[in-house]
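A.B. asks:
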Amino acid sequence: MTTSALSLRGAGIRFGDRVLWSGLDLELQPGEFLAVLGPNGAGKSTLLKAVLGQQPLFDGELLIGGRAPGRGSDRVGYVPQQKSMDAATPLRARDLVALGMDGHRWGLRRRTAEQRRRIADALAAVGATGYADAPLGLLSGGEQQRVRIAQALATDPSLLLCDEPLLSLDLRHQRAVADMIDRRRHEHDTAVVFVTHEINPVLDLVDRVLYIAAGGHRIGPPSEVLTSRTLSELYRTPVDVLNVRGRVVVVGTPDEPGGCTHHELTPEAQPAGGAG
Amino acid sequence: MDRLFDFSDYGALLGLVHNSLIAAALLGLVGGLVGVFVQVRDMQFAVHGISELSFAGAAAALLLGGSVALGSVLGSVLAAALIGGLGVRARDRNSVIGVLMPFGLGLGVLFLSLYDGRAANKFGLLTGQIVAVDTVRLGWLVGVSIVVLAGLALIWRPLMFISVDPEVAAARGVPAGVLSVVFTLLLGLAVSLAVQVVGALLVLSLLVTPAAAAFRVTASPVLGPLLSTLFAVVSAVGGILLALGGSIPISPFVTTISFAIYLVCRVVSTRRRRAGWGARVPDAQLDPAPVPVR
Chain D
70 MTTSALSLRG AGIRFGDRVL WSGLDLELQP GEFLAVLGPN GAGKSTLLKA VLGQQPLFDG
130 ELLIGGRAPG RGSDRVGYVP QQKSMDAATP LRARDLVALG MDGHRWGLRR RTAEQRRRIA
190 DALAAVGATG YADAPLGLLS GGEQQRVRIA QALATDPSLL LCDEPLLSLD LRHQRAVADM
250 IDRRRHEHDT AVVFVTHEIN PVLDLVDRVL YIAAGGHRIG PPSEVLTSRT LSELYRTPVD
310 VLNVRGRVVV VGTPDEPGGC THHELTPEAQ PAGGAG
Chain Z
2 MDRLFDFSDY GALLGLVHNS LIAAALLGLV GGLVGVFVQV RDMQFAVHGI SELSFAGAAA
62 ALLLGGSVAL GSVLGSVLAA ALIGGLGVRA RDRNSVIGVL MPFGLGLGVL FLSLYDGRAA
122 NKFGLLTGQI VAVDTVRLGW LVGVSIVVLA GLALIWRPLM FISVDPEVAA ARGVPAGVLS
182 VVFTLLLGLA VSLAVQVVGA LLVLSLLVTP AAAAFRVTAS PVLGPLLSTL FAVVSAVGGI
242 LLALGGSIPI SPFVTTISFA IYLVCRVVST RRRRAGWGAR VPDAQLDPAP VPVR
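Note that the protein sequences, when read in sequence, are chains D and Z.
With this note's numbering applied, the first sequence corresponds to residues 70 to 345, in that order.
With this note's numbering applied, the second sequence corresponds to residues 2 to 295, in that order.
1) In terms of residue numbering, what span does the alpha helix (DSSP H) encompassing residue 84(Z) cover?
2) What in chain Z is Cβ-close to residue 158(D), meaning under 8 Å?
3) Touch check for the segment 168-182 of chain Z and the segment 56-65 of chain Z: three-plus C-beta pairs under 8 Å?
4) Chain D partners of residue 174(Z), CB-CB under 7 Å?
5) Could you tell me the distance, in whole angstroms, from the CA atom of residue 55(Z) to the CA atom of residue 196(Z)?
6) For residue 219(D), collect the residues of the same chain with a Cβ closer than 7 Å to its Cβ; drop the 5 residues on either side in sequence, then sort them by chain order.
7) From the DSSP output, in three-state form, read off residue 144(Z) for me.
8) Using the beta-carbon of each residue, which ones in chain Z are nearer than 7 Å to residue 164(D)?
9) Is residue 159(Z) close to chain D? Criterion is C-beta to C-beta, closer than 7 Å.
10) Does DSSP put residue 104(D) in a helix, in a strand, or in coil?
11) Check the Cβ of residue 156(Z) against every Cβ in chain D and list those closer than 8 Å, keeping chain order.
12) Distance check for residue 83(Z) and residue 304(D), CA to CA, integer angstroms please.
13) So which of 19(Z), 259(Z), 177(Z) has the shortest CA-CA distance to residue 135(Z)?
14) Is there a Cβ from chain D that is less than 7 Å from the Cβ of residue 33(Z)?
15) Run through the DSSP bridge pairs and tell me what residue 282(D) is partnered with.
16) Anyone know if the C-beta pair for residue 222(Z) and residue 103(D) falls short of 7 Å?
17) Is residue 184(Z) close to chain D, meaning its C-beta is less than 7 Å from at least one C-beta of that chain?
18) Note down the Cα distance separating residue 34(Z) from residue 227(Z), rounded to an integer number of angstroms.
19) Using a beta-carbon distance below 7 Å, is residue 168(D) in contact with chain Z?
20) Buried or exposed, going by whether 16 or more other CB atoms sit within 10 Å of the CB of residue 271(Z)?
21) Quick one: list the residues of chain Z neighbouring residue 179(D), beta-carbon separation under 8 Å, in chain order.
22) May I ask which residues mark the beginning and end of the beta strand (DSSP E) holding residue 147(D)?
23) Give me the Cα-Cα distance between residue 109(D) and residue 213(Z), rounded to the nearest whole angstrom.
24) Whole beta strand (DSSP E) runs in the segment 118-194 of chain D with 3 or more residues, listed along the chain?
25) Are the C-beta of residue 74(D) and some C-beta of chain Z separated by less than 7 Å?
26) Between the alpha carbons of residue 144(D) and residue 185(Z), how many angstroms are there, rounded?
27) Can you look up residue 100(Z) in the DSSP assignment and give me helix, strand or coil?
28) Report back the beta-carbon spacing between residue 310(D) and residue 297(D) to the nearest angstrom; my notes put them in contact at under 8 Å.
29) I'd like to know if residue 314(D) contacts chain Z, where contact means its C-beta is closer than 7 Å to some C-beta of that chain.
30) Enumerated in chain order, which unbroken segments of the alpha helix (DSSP H) with a length of 4 residues or greater are wholly contained in the segment 185-264 of chain Z?
31) With a 10 Å radius around its C-beta and 16 neighbouring C-beta atoms as the bar for buried, classify residue 329(D) as buried or exposed.
32) Quick check on residue 265(D): buried or exposed, where buried means 16 or more other Cβ atoms within 10 Å of its Cβ?
33) 7 Å is my cut-off, CB to CB: does residue 149(D) come that close to chain Z?
34) Got a sec: is the Cβ-Cβ distance from residue 275(Z) to anything in chain D below 7 Å?
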């Protein structure tokens with residue numbers, strides 16, 4: 070049996086009396102694509118922080134590739150929540166990727182030809198060669214996100230963590246970014262933990278879903294977790310899950326004032342050959 | 002104009018300000034490089050705040066008959082420690098600075114009004130007194146510069162990482178708090194150098210303007226700092242060379258040169274952006290990735 074890329078055994082996090090989640094068991098296999106869903110404040114980002122070694126577990130155990138998570142491991146790639154780079158950021162796309170490789174090192178050193186080649190390869194793999202030397206602040210949101218993925222993959226990690234990587238991207242870019250991550254895990258067996266509000270852009274890519282809500286969590290294939298019954302239990306209130314033309318629409322979650330939700334996309338906005 | 006500029010005894014004058022020129026060049030080097038991070042970390046207000054406390058320290062030293070250089074270093078470092086310690090988050094930091102700055106300036110004014118020595122010394126702390134760099138003080142300046150430059154070289158990469166990309170840097174284990182405090186202390190030392198040369202009121206012209214100008218025209222992490230340093234050295238040394246020929250103090254020359262460089266860089270950058278800076282290969286944007294990593 071291969072070592073799990075990420076394993077959580079009886080893991081739980083609480084702040085004071087408030088339990089975010091507990092009893093979380095997960096064996097994530099190399100190359101597996103896990104989507105983490107749930108309402109705001111359910112502890113999705115905290116899960117990523119725990120994997121990054123920034124948030125100690127309250128109980129249970131967390132292993133990355135069979136070892137305890139260290140701070141700043143290059144076995145883990147991280148794509149943070151999408152936010153635009155300041156227009157005056159004095160770096161080029163190429164430099165952001167380079168910092169992902171050696172930005173934690175003290176002192177000044179010239180990068181070797183081998184390192185420069187790896188940076189160029191990482192940019193090429195996400196189709197960002199055309200703007201590798203453009204200032205980061207002048208790139209569009211979609212372009213910046215590609216560069217961030219190149220940065221996260223430049224150290225050749227065995228586990229890739231993405232925190233809402235599709236947020237504020239238009240549908241074409243959502244699809245492009247999701248495909249990029251999907252290809253990576255198939256070609257390099259990189260396990261993917263993908264925190265998202267929007268399941269539909271990645272619905273056909275995910276192997277398993279981890280849904281966290283006030284009433285606990287469920288792990289399983291999307292068809293088993295994203296059902297009216299399961300989500301009603303998790304939200305402790307009647308919730309309807311509709312499958313419309315291959316997309317999942319969740320209606321009636323308590324955190325949505327309109328009763329409708331973020332898992333939904335308007336049909337005409339769905340790209341051809343998208344989810345399904 | 003005759004009274005403003007008189008270059009007849011220029012050669013002899015140059016010999017007299019030999020030390021000052023070295024001091025100005027050093028200050029340009031330090032200011033240009035520190036300025037890179039002032040720009041990236043949005044710490045322009047901190048520079049101003051630290052310089053007011055550095056001024057208070059120097060004024061206290063003048064009053065007590067101590068070393069002005071030491072006084073300004075102590076004032077700066079104290080200010081930097083307070084700012085670095087009390088205000089790690091940007092918003093806290095600005096309010097801490099806003100509180101410290103008038104207090105420092107008030108103290109400085111108090112010390113100066115109690116001091117009954119030469120009036121030129123008082124004025125010099127605020128607006129610069131470059132001509133009076135003796136060998137002892139030059140030794141100080143060189144020592145402090147070496148500390149700042151060595152410190153910067155050591156933390157350059159992680160500091161750049163945590164400044165432009167804090168989430169990923171933290172995920173890679175870069176210690177944000179330590180770097181913030183260390184950089185603020187280095188900034189304090191750099192400011193104290195500048196206070197002794199261009200005066201407390203004009204520190205920004207060497208620690209902010211050159212880097213701001215450089216990053217208008219380049220986003221390269223090598224060329225940017227080089228240009229910033231070049232602009233700062235040209236402003237500081239050029240200011241002295243022009244001031245030598247006239248009766249005006251050095252500061253207006255330094256500030257004017259650095260401002261002129263900034264204006265030129267702005268014009269260049271506006272033109273480049275209009276012409277499409279960082280133009281991309283057409284359609285690269287939505288091309289599926291053609292080359293796999295390794």
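Every residue, glycine too, gets a C-beta built ideally from N, C-alpha and C.
C.D. replies: Considering the structure as presented:
1) According to the DSSP assignment, residue 84(Z) belongs to the alpha helix (DSSP H) that extends over 69-87.
2) 41, 165, 220
3) Because the criterion of three Cβ pairs below 8 Å is not met, the segment 168-182 of chain Z and the segment 56-65 of chain Z do not touch.
4) 140, 141, 173
5) 7 Å
6) Here the set comprises 166, 191, 192, 194, 195, 197.
7) helix
8) Within chain Z, the residues near residue 164(D) are 222.
9) yes
10) strand
11) 175
12) Put simply, the backbone Cα of residue 304(D) is about 47 Å away from that of residue 83(Z).
13) Per the Cα distances, 19(Z).
14) no
15) 285(D)
16) no
17) no
18) 8 Å
19) Taking Cβ atoms only, chain Z reaches closer than 7 Å to residue 168(D), which makes this a yes.
20) exposed
21) Under the 8 Å cutoff, chain Z gives no residues; its nearest Cβ is about 10 Å from residue 179(D).
22) 145-148
23) So the two alpha carbons sit approximately 39 Å from each other.
24) 128-133, 145-148
25) no
26) 32 Å
27) helix
28) 5 Å
29) no
30) For the segment 185-264 of chain Z, the continuous alpha helix (DSSP H) assignments of 4+ residues that do not extend past its boundaries occur at 205-208, 210-218, 224-245, in sequence order.
31) Reliability fails at residue 329(D), whose pLDDT of 44 lies under 50, so the model's placement of it is uncertain and no value is given.
32) Residue environment: residue 265(D) is assigned as buried (16 or more neighbouring CB atoms within 10 Å of its CB, all protein chains considered).
33) yes
34) no
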